[in-house]
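Okay, structure first, notes after.
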Amino acid sequence: MSGPGATPVRRRRSRRRRRTRVRRILLTGLVVVSVLLSAGGWVAFRGWQARAHLVNAAGLARELSAQVLDGDVARAQRTLAALQEQAAAARGETGDPVWWVGQQTPYAGDNLAAVRQISVAVDDLARLAFPTLLRVDLASLVPKQGKLDLARLRAVSAEVSAADQAVRRTADRLRQVPTGDLVTQVRDAVTALRAELDQLGELTSAADRGARLLPPLLGADGPRSYLLVSQNPAELRATGGMFGAYAVLRAEGGRIRLVKQGSSSDLRFFDPPLKVDAEAKRLWGELPGIYPADVNLNPDFPAAAALYRDMVRRRTGTTVDGVLAVDPVVLSYLLGVVGPVNVPDGPSLGAATAVRTLLSDSYRDLDTKDQDEYFTKAASGVFDTLFTKTVDPRALLTVFTRSINERRILFWSVRSEEQRALAGSRLAGQLPEKDSVPTVGVFLNDGSGAKLGYYLRFSATVTVGECHPDGRRELRLRVTVHSTAPKSGLSKSVTGLALAGDKYTARTFVSVHTPTGGAVLTGRLDGRDTAMGSGTHGRRQVAVANVETRPGQTRTLDVTVLTGKTGAGTAELVHTPTVTPWTTQVVNAPSCEQ
Numbered sequence: 000m001s002g003p004g005a006t007p008v009r010r011r012r013s014r015r016r017r018r019t020r021v022r023r024i025l026l027t028g029l030v031v032v033s034v035l036l037s038a039g040g041w042v043a044f045r046g047w048q049a050r051a052h053l054v055n056a057a058g059l060a061r062e063l064s065a066q067v068l069d070g071d072v073a074r075a076q077r078t079l080a081a082l083q084e085q086a087a088a089a090r091g092e093t094g095d096p097v098w099w100v101g102q103q104t105p106y107a108g109d110n111l112a113a114v115r116q117i118s119v120a121v122d123d124l125a126r127l128a129f130p131t132l133l134r135v136d137l138a139s140l141v142p143k144q145g146k147l148d149l150a151r152l153r154a155v156s157a158e159v160s161a162a163d164q165a166v167r168r169t170a171d172r173l174r175q176v177p178t179g180d181l182v183t184q185v186r187d188a189v190t191a192l193r194a195e196l197d198q199l200g201e202l203t204s205a206a207d208r209g210a211r212l213l214p215p216l217l218g219a220d221g222p223r224s225y226l227l228v229s230q231n232p233a234e235l236r237a238t239g240g241m242f243g244a245y246a247v248l249r250a251e252g253g254r255i256r257l258v259k260q261g262s263s264s265d266l267r268f269f270d271p272p273l274k275v276d277a278e279a280k281r282l283w284g285e286l287p288g289i290y291p292a293d294v295n296l297n298p299d300f301p302a303a304a305a306l307y308r309d310m311v312r313r314r315t316g317t318t319v320d321g322v323l324a325v326d327p328v329v330l331s332y333l334l335g336v337v338g339p340v341n342v343p344d345g346p347s348l349g350a351a352t353a354v355r356t357l358l359s360d361s362y363r364d365l366d367t368k369d370q371d372e373y374f375t376k377a378a379s380g381v382f383d384t385l386f387t388k389t390v391d392p393r394a395l396l397t398v399f400t401r402s403i404n405e406r407r408i409l410f411w412s413v414r415s416e417e418q419r420a421l422a423g424s425r426l427a428g429q430l431p432e433k434d435s436v437p438t439v440g441v442f443l444n445d446g447s448g449a450k451l452g453y454y455l456r457f458s459a460t461v462t463v464g465e466c467h468p469d470g471r472r473e474l475r476l477r478v479t480v481h482s483t484a485p486k487s488g489l490s491k492s493v494t495g496l497a498l499a500g501d502k503y504t505a506r507t508f509v510s511v512h513t514p515t516g517g518a519v520l521t522g523r524l525d526g527r528d529t530a531m532g533s534g535t536h537g538r539r540q541v542a543v544a545n546v547e548t549r550p551g552q553t554r555t556l557d558v559t560v561l562t563g564k565t566g567a568g569t570a571e572l573v574h575t576p577t578v579t580p581w582t583t584q585v586v587n588a589p590s591c592e593q
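Each residue of the sequence shown is one higher than the one before, starting from 0 at the first, in the working numbering.
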């Protein structure tokens, strides 16, 4: 078309096309917004449902744990069925396509993904781990009347291993969930579930090791013999206390019996000294290779156990397959299960009085020779009762678990394959070669030649500090030592070789071991710079401070260390077990940006 009217027509048609496009855009926008709003509402609704199911599942899981420990199998089965229903529902609520789309959105997506991971973790535990733990009677892992049912133990080994693997896989997946940008409620839920899985993992890991190792250790494939060593925390050593009385145990076909007893004092000393690791020698000289009471000045229990085994072999001709160490606190826990034990020619032992009787009253009432005999008879009485009396196996398992967690039971096997299986567990009594979390070790050795450790109380705090440009991080360690010792009235066997001029002052060598790849920066005692000995332990630096504490006095040791190249905002503390539990705290911080 041409002429004067063509232009207005084209303009009207152009305006109509623009209005059509606008209407289409608006309509499309409205549809998209509507879909997004609907999806958001759907996700919110599903999230509310998932939260309700997860809250129910958490409560049921706690009930299930208590019922398993109480041995209430019937109720536990019903609780498990309800837990599985709630966990499956939570997994379903967070597994549809709309939820997946929501996970792709900025900010909210991270939280939705975390809730999904929590739901999957709880469901996996309900389906894969808890049913196995119910089928397997964990009480079969402890002896009854001195005998362990090895056939039963071997029969359940595969199931225990499967449960442990399920827990480990779930824990590994949950550890990979980033928490930095999560809302507080979701972040707290992830953190809490990680902690629960860590505790459950300790139980299943210990059960797995026990099911695999106990049959051969207890003579399923031929008789074994072991040294049972009592560590005496009244005279502190890095692994717990001076090695005192010992006994030789024989295990055959799952049955354990005590065949011989002795004392470290009977072994006298060794000249020339036995061979000592070069790193230990730089810190403690030849002492661990000379005196049986000093084999554990270093916190490496396998090295101490090997030295002590060799000393017993050289003096008595007895060769054993391993060394098991306990302390009087473990005996007190066992007495809570087996009941009081009469000790010939001495006071009886009960759960509430055993520690005081063994580590205080005996030094007051008995001379040195009679003390050794009493310790030997006391240990024999407790273990004879344990091996012959019918006791609650679940209560006994709880005692063993508590003692191992507190590092009061340690074990070393001469067989390398068995020792490798123990590696990384608290039972092994070693710091890890490489930290998964920056780990600080605080280990104690008496420097007084006295038995004043009974009166010492310890606390420690690790505060995660500044990030360094090279990827390292500062950790500030504070250790306090308080003495409750009286100012008079203690026997010579307690004060021993204590400091000249003040027999009641306790001298404690406090050894601080840095995380792997770390370094010691500063050391201060009661706010003043203090001289510290130095050395190494594998890839860890070691600093040793002399802390002298008078009766009623509290001393404070502050040590700043560097980690290896890690931005972790948390840390772990490992320490010498003492007569009374330590008060400990780790103050975490946000992770460093890598």
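All C-beta atoms in this analysis are idealised placements derived from N, C-alpha and C, irrespective of residue type, glycine included.
Asked, Found
"Cβ shell of Val543 (< 8 Å), same chain only, five flanking positions each side left out", "Leu282, Phe508, Val509, Ser510, Val511, Met531, Gly532, Ser533, Gly534"
"Sufficient close CB pairs (3 or more, under 8 Å) joining the stretch 487-497 to the stretch 362-376", "yes"
"Buried versus exposed, by CB contacts within 10 Å (16 or more), Pro96", "exposed"
"Per DSSP, cross-strand counterpart(s) of Gly221", "Its beta-bridge partners do not exist; DSSP assigns none."
"Extent of the continuous beta strand (DSSP E) run through Asp557", "553-561"
"Neighbour-count burial assignment, Glu465, 16 or more Cβ in a 10 Å radius", "exposed"
"Residues near Lys146 by beta carbon distance below 7 Å, same chain, minus five either side", "Gly253, Arg254"
"C-beta contact flag for Pro301 and Gly288 at 7 Å", "no"
"Cβ neighbour criterion (16 or more within 10 Å) applied to Thr387", "exposed"
"7 Å Cβ cutoff met for Ser224 and Gly243", "no"
"Endpoints, beta strand (DSSP E) assigned at Lys376", "Taken as a continuous stretch (DSSP letters only), Lys376 belongs to no beta strand (DSSP E), being part of the alpha helix (DSSP H) at 367-387."
"Glu234 beta carbon less than 7 Å from that of Gly537", "no"
"Sequence-distant residues of its chain with Cβ nearer than 6 Å to Gly218 (five each side left out)", "Ala250, Glu251, Gly252"
"Three-state class that DSSP yields for Trp283 in the structure shown", "helix"
"DSSP state of Tyr307 mapped onto helix, strand, coil", "helix"
"Local Cβ density within 10 Å of Gly657, reported as buried at 16 or more and exposed below that", "As shown, the chain starts at 0 and ends at 593. That puts residue 657 outside it, with no answer to give."
"Simplified DSSP assignment, three categories, for Val294", "coil"
"The stretch 556-567 / the stretch 513-521 touching (three or more Cβ pairs under 8 Å)", "yes"
"Asn444, DSSP secondary structure in three states", "strand"
"Delimiting residues of the alpha helix (DSSP H) encompassing Glu547", "Segment 539-548 is the beta strand (DSSP E) holding Glu547; no alpha helix (DSSP H) there."
"Same chain, Cβ closer than 6 Å to Ser160, neighbours up to 5 away in sequence not counted", "Asp207"
"The stretch 434-453 touching the stretch 324-339, judged by at least three CB pairs closer than 8 Å", "no"
"Assigned exposure category for Gly221 - 16 Cβ within 10 Å defines buried", "exposed"
"Beta-carbon proximity list for Arg153, same chain, < 6 Å, skipping 5 on both sides", "Pro214"
"Of the residues Arg115, Val155, Leu133, the one placed nearest Thr169, counting alpha carbons only", "Arg115"
"Anticipated Cβ contact below 8 Å, Leu409 with Gly380, distance rounded", "At roughly 22 Å, the Cβ-Cβ gap does not stay under 8 Å, so Leu409 and Gly380 are not in contact."
"Whole-number beta carbon distance between Val340 and Ser347, since they are thought to touch under 8 Å", "6 Å"
"Limits of the beta strand (DSSP E) - the one that Tyr453 falls within", "No beta strand (DSSP E) contains Tyr453, which DSSP labels as neither H nor E."
"Outcome for Thr183 when other beta-carbon atoms lying within 10 angstroms are tallied against a minimum of 16", "exposed"
"Same chain only: Cβ atoms within 6 Å of Ala162, ignoring 5 sequence neighbours per side", "Ala128, Thr131, Leu132, Thr203"
"Distance, Gln198 Cα to Asn587 Cα", "19 Å"
"Ala250 - containing beta strand (DSSP E), residue span", "241-251"
"Where Val480 falls, given that 16 or more other Cβ within 10 Å makes a residue buried", "buried"
"Which residues DSSP lists as bridging Phe410, in chain order", "Leu323"
"Which of helix, strand or coil DSSP assigns to Lys564", "coil"
"Pairwise C-alpha distance: Arg414 and Lys368", "35 Å"
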